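Participant: Note that the protein sequences, when read in sequence, are chains A and B. In this text, residue positions in the first sequence follow the working numbering: the first is 2, and each later residue adds one. In this text, residue positions in the second sequence follow the working numbering: the first is 83, and each later residue adds one. Just so it is clear, CB atoms sit at the ideal spot from N, CA and C, and this is done for glycine as well. Since the model is a prediction, treat every value here as computed from it, not as a measurement.
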Amino acid sequence: MKSVLSGTMDLKTDLATEINSPRRYQLLRRKIVSLMALVTILPLLSLAGINYYEHQNTMASEIQAPLRALVGKAKHSFELFLAERTSAVSFIASAYTFDELSSDTNLQRIFQVMRREFTGFVDLGLIDTAGNQISYAGPYDLKDRNYTSQDWFHQVQFKGTYVSDVFLGFRKFPHVVIAVRHTTESGQSWILRATLDTMHFDRIIAAMGLEPGSDAFLLNRGGILQTESRRYGKVLGMLPFALPPTNFESNVQALRDDQNREIFLASAFIANTDFALAAIKPRPTVFSTWYTVRADLLFIFVSGVIVIFLAVYRLTSALINRLQHSDEQRMGAIHQMEHSQKLSSIGRLAAGVAHEINNPLAIINEKAGLMRDIMDLRPEFPDKDKFSRQIDSILRSVDRCRGITHRMLGFAKRMDVKIETLDLNSVLEETLGFLEREAQYRNVEIRRNLVPDMPSIPTDHGQIQQVFLNILNNALAAVPDGGRITLTTWDVDENFVGVSIEDNGCGMSEETAKNMFEPFFTTKKEKGTGLGMSITYGIVKRLGGELKVQSKLNEGTTMTILLPKKSTEGQA
Amino acid sequence: MTEKSILLIDDEEAFVTTLQERLEMRGFSCRTTLSGEAGLGMIAAQPPDVVVLDLRMPGMGGVEVLRRIRRQWPGLPVIMLSGHGSDQDFETCLSLGAALYHKKPLDIGDLLESIRAVTQGSGSRG
């Protein structure tokens with residue numbers, strides 16, 4: 002009997018622990034938070050990325066456009082300057098005959114006029130096709146020099162016009178030569194050669210109005226500087242890095258120079274020469290404005306992310322908590338249902354067993370009775386006393402079995418909720434019947450302290466018996482062999498009656514006592530469901546009563562039940 | 083004292099034969115049958131002073147047998163027996179007019195007392 006009934010208390014908790022484990026909710030929370038954060042932060046992140054890229058492009062073009070324009074303008078200045086001077090030399094070569102130009106006096110006069118009209122000329126000389134200096138006007142004594150060995154001489158013979166690179170030449174200071182070949186209709190030809198001061202180039206570059214840190218210079222196709230650079234060396238020095246691909250239109254490129262500085266370089270070739278004009282701006286200064294913009298952007302981005310994350314976290318937490326709460330409630334309801342279903346199916350089983358046993362029991366009873374009847378009819382029956390004792394023993398056993406089966410049938414019957422007027426003392430006694438055998442085996446003393454004129458109260462027999470059974474089971478589990486359980490009933494006041502079940506068992510800590518009515522709280526590890534006491538508490542509450550616990554570790558526990566004298570079922 | 087006649091209707095053969103013997107030892111005239119239908123036939127053939135009827139039987143159950151006895155022989159007292167302890171079943175039987183009921187296994191003294199109580203004053207019909 003005991004084993005059947007205690008089995009009903011041992012519901013499996015696997016399902017509950019699996020589904021309601023805090024780890025599962027933590028995992029769920031983490032998943033939802035990261036997913037929601039990802040979904041919200043990703044668009045923000047891509048927006049910020051696109052913004053950054055666009056802004057960078059805009060800023061770059063804002064820096065590049067003026068630089069390109071500046072180089073374009075300066076390139077035109079150079080082209081104009083050189084074209085004017087080439088035209089002037091060409092005009093003189095064509096306007097005068099060879100003889101007129103051969104005269105130093107004439108040439109001197111022409112040179113004076115030329116210098117007045119066009120700045121930058123240093124000297125002027127006439128050279129015949131053999132490369133001999135015929136006449137010369139200027140500060141140096143260059144008369145009778147022969148230029149056949151020099152490259153420019155051959156180039157001007159071939160092309161007709163020639164503008165040299167900057168070179169030191171005979172005069173050991175940087176200059177540029179403009180040479181023009183003229184051929185008359187009769188086939189006579191001569192070369193007029195003028196030297197220009199490169200100071201004028203410096204003037205054009207200075208007129209570009211460069212910012213501090215910026216640089217501009219001329220260089221030839223070989224990468225040799227034709228004007229002085231602020232950063233990359235003197236005239237005729239080599240540019241320390243390769244000029245990027247350049248054409249006649251000014252264009253800008255981003256690159257690193259030999260000192261690993263980030264720079265923008267605008268460059269363009271100057272028409273009819275070997276020269277390229279280059280202007281350089283360092284990039285860090287270019288981006289100083291960008292940095293402040295980016296800081297703002299970064300602030301908005303970071304605070305946006307934080308706000309989103311917090312909102313997502315709070316929302317998810319609330320959601321998960323609610324989910325957990327409802328899961329727990331649902332599990333509690335399922336367990337209670339399972340529990341009562343199990344109890345009622347055990348009740349049905351008990352009824353069936355009792356009924357099946359009662360019939361053969363009745364036969365045993367009748368057979369034994371008949372044996373006695375026969376014996377009683379014959380006074381001379383041999384060993385009458387001996388047989389009589391055996392028959393008595395059989396009948397006593399039958400009586401005991403009847404007690405058990407009737408109790409089982411009673412248990413089954415009480416599965417249906419029914420309020421009836423009951424004497425709690427007899428319900429207690431009845432319940433004790435289930436456990437008395439175990440108590441006897443374990444030598445546990447059951448002390449009854451029941452008030453004799455206990456008033457009957459309207460309550461549910463099955464449910465109140467379950468309450469007593471749960472508490473008595475716990476008490477029996479708590480006491481050691483040879484322990485003591487005391488049952489007390491008393492009339493509390495005009496509204497309540499009291500039942501207390503006291504044991505001198507292992508007791509509970511304050512913490513355990515505080516939690517013992519919580520669903521799923523158990524100290525029995527795998528053996529308990531953690532539902533027994535919560536169900537008990539629920540029943541007592543439903544019946545309009547109170548359930549209190551007093552416990553001290555290692556001293557014992559007293560459970561006190563107060564039940565109303567008037568029915569409150571349906572009002573609770 | 084006139085011999086009272088009892089009709090015992092129960093599907094457990096060992097039970098009815100033993101009980102029959104014990105009742106006869108106590109001076110009753112006792113007939114037995116294992117089914118409700120046969121029991122009704124036996125009442126019709128020769129009505130007893132009292133019927134002892136089991137509640138649960140294969141075929142026609144005790145409640146149905148009781149109902150028919152009440153209809154045909156309203157004055158015939160019936161004592162119900164059952165191995166099933168449901169109060170509700172007994173209440174149904176009492177409301178249908180059963181005189182008394184006993185739970186199995188039964189105490190022979192209780193049964194004798196019941197038989198005497200329900201047959202008091204009525205004479206032998208056999």
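#1: Based on Cα-Cα distance, which residue from E229/A, P175/A, L256/A, A180/A lies nearest to S95/A?
#2: If you check the beta carbons only, do R182/A and V164/A fall under 7 Å apart?
#3: List, in order along the chain, the chain A residues whose C-beta lies closer than 7 Å to that of A181/B?
#4: Identify, in the order they occur along the chain, each residue of the same chain with its Cβ nearer than 6 Å to the Cβ of A255/A, setting aside the five sequence neighbours on each side.
#5: Please give me, in chain order, every unbroken run of the beta strand (DSSP E) with length at least 3 that falls completely inside the stretch 376 to 434 of chain A.
#6: Between M37/A and H336/A, what straight-line distance do the alpha-carbon atoms span, to the nearest angstrom?
#7: Measuring alpha carbon to alpha carbon, tell me which residue in Q441/A, S190/A, H176/A is nearest F159/A.
#8: Is it buried or exposed for K173/A, if we count other Cβ within 10 angstroms and need 16 for buried?
#9: Starting from the Cα of R262/A, find the closest Cα among I405/A, E212/A, M409/A, Y233/A and give me that residue.
#10: By the three-class DSSP mapping on this structure, what secondary structure does V287/A have?
#11: By DSSP, does H166/B sit in helix, in strand, or in coil?
#12: Does M139/B come within less than 7 Å of chain A when only Cβ atoms are used?
#13: Return the CA-CA distance between V287/A and A66/A, expressed in angstroms with no decimal places.
#14: In whole angstroms, give me the CA-to-CA distance for D374/A and K387/A.
#15: If you run the structure through DSSP and keep just helix, strand and coil, what is E101/A?
#16: Could you check whether the stretch 470 to 486 of chain A touches the stretch 499 to 511 of chain A, counting it as contact only if at least three pairs of C-beta atoms, one from each stretch, sit closer than 8 Å?
#17: At the level of alpha carbons, what is the spacing between K185/B and D136/B?
#18: From D124/A to G214/A, what distance separates their C-alpha atoms?
#19: Less than 6 Å separating the Cβ of L197/A from some heavy atom of the ligand MN?
#20: From V72/A to K282/A, what distance separates their C-alpha atoms?
#21: Using a Cβ cut-off of 9 Å, which residues of the stretch 491 to 519 of chain A contact any Cβ in chain B, in chain order?
#22: Rounded to whole angstroms, what is the Cα-Cα separation between P217/A and Q227/A?
#23: Where does G508/A fall in DSSP's three states?
#24: Beta-carbon of T115/B versus every beta-carbon of chain A: anything under 7 Å?
#25: Report yes or no: is there a C-beta of chain A within less than 7 Å of the C-beta of E94/B?
#26: Tell me, which residues are paired with E437/A by DSSP?
#27: Determine which residues of the stretch 101 to 131 of chain B have a Cβ less than 7 Å from any Cβ of chain A, and write them out in chain order.
#28: Starting from the C-beta of I42/A, find all residues in its chain whose C-beta is less than 7 Å away, skip the five residues before and the five after it, and write them out in chain order.
#29: Does DSSP classify I562/A as helix, strand or coil?
#30: I'd like the list of long-range same chain contacts for M149/B, defined as Cβ closer than 8 Å, with 5 residues on each side in sequence excluded.
#31: In chain A, which residues lie less than 7 Å from G165/B when you measure between Cβ atoms?
#32: Any beta carbon from chain B within less than 7 Å of D576/A's own beta carbon?
#33: For the pair the stretch 108 to 122 of chain B and the stretch 88 to 96 of chain B, tell me if three or more CB-CB distances fall below 8 Å.
#34: On the DSSP letters alone, give me the boundaries of the alpha helix (DSSP H) that L43/A sits inside.
#35: Please determine, among A131/A, G557/A, A243/A, S510/A, the residue with the shortest C-alpha to C-alpha distance to G224/A.
Facilitator: Short version:
#1: A180/A
#2: no
#3: Here the premise fails: no neighbours, minimum Cβ distance about 20 Å.
#4: F265
#5: 420 to 423
#6: 34 Å
#7: S190/A
#8: exposed
#9: Y233/A
#10: Confidence in V287/A is poor, its pLDDT being 46 and thus under 50, which makes the residue's placement unreliable; the coordinate value appears in the next sentence. Helix at V287/A.
#11: coil
#12: no
#13: Summary for V287/A: the model assigns pLDDT 46, below 50, so the residue's position carries little reliability, and this model does not support an answer.
#14: 15 Å
#15: helix
#16: yes
#17: 10 Å
#18: 36 Å
#19: For the ligand MN, the structure offers nothing, since it holds no ligand at all.
#20: 12 Å
#21: none
#22: Contrary to the premise, residue 217/A reads as Ala rather than Pro in this sequence. So the two alpha carbons sit approximately 11 Å from each other.
#23: coil
#24: no
#25: yes
#26: DSSP lists no partner for E437/A.
#27: L101, E103, R104, M107
#28: V306, I309
#29: strand
#30: Here the sequence assigns Arg to residue 149/B, which means Met is not the residue at that position. Closer than 8 Å at Cβ, skipping near neighbours: L178.
#31: H356, N359, N360, A363
#32: With chain A represented from 2 up to 573, any question about residue 576/A goes unanswered, as that position is not in the structure.
#33: yes
#34: 23 to 96
#35: A243/A
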